[in-house]
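Working notes for the structure below.
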């Protein structure tokens, strides 16, 4: 995202990819993007064809949006497209994608909180029901089928809590 918006700004100043890349380096890019762009500029200034240098740069970083950017740049250079317009459109697209990621993160966080509250409400509801109904308590504690049903219910509940915790850890919450 940072590279695309910086390239877009610098190509508005001067429609030259190498100039824009150099200015992005001067402004300070984060690694590993900085290393890939620096190697690209060095290769082109050393005499390598721009398309070949772009291919090598694309191989350097496996991020999907970076790959898309490099492919679009290569296509644009090959067919002499409008570089500033392309970069402006790509920056706009990446901005929209980032907004959607943020919206989904917030939505997922809300959904996880609701799920956690429901999981906490289950034992509270069961204890309340067992505490207020003596016949129900006797059914689950005095008879063998009742105890088996209670054990199956507890195991199912613990499995649901374990699955929820596992999903929480995988999502990095």
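Residue numbers (the numbering used here): 37 to 209. Virtual Cβ for every residue (Gly too), placed ideally from N, Cα, C.
CA-to-CA distance, residue j to residue i, given in whole angstroms
i	j	result
residue 202	residue 84	49 angstroms
residue 156	residue 138	27 angstroms
residue 196	residue 172	24 angstroms
residue 153	residue 193	14 angstroms
residue 181	residue 168	21 angstroms
Assigned exposure category for residue i - 16 Cβ within 10 Å defines buried
i	result
residue 102	buried
residue 185	exposed
residue 111	exposed
residue 49	exposed
residue 198	exposed
residue 77	buried
residue 160	exposed
Supposed close pair residue i, residue j - CB separation, criterion 8 angstroms
i	j	result
residue 94	residue 107	7 angstroms
residue 44	residue 120	7 angstroms
residue 74	residue 61	6 angstroms
residue 87	residue 70	Going by Cβ atoms, the distance from residue 87 to residue 70 rounds to 22 angstroms, so no, they are not a contact pair.
Contact set for residue i: own chain, Cβ-Cβ below 7 angstroms, skip 5 residues either direction
i	result
residue 123	40, 43, 44, 47
Going along the chain, which unbroken runs of the alpha helix (DSSP H) with 4 or more residues stay wholly within the region 149-178?
-> 170-178
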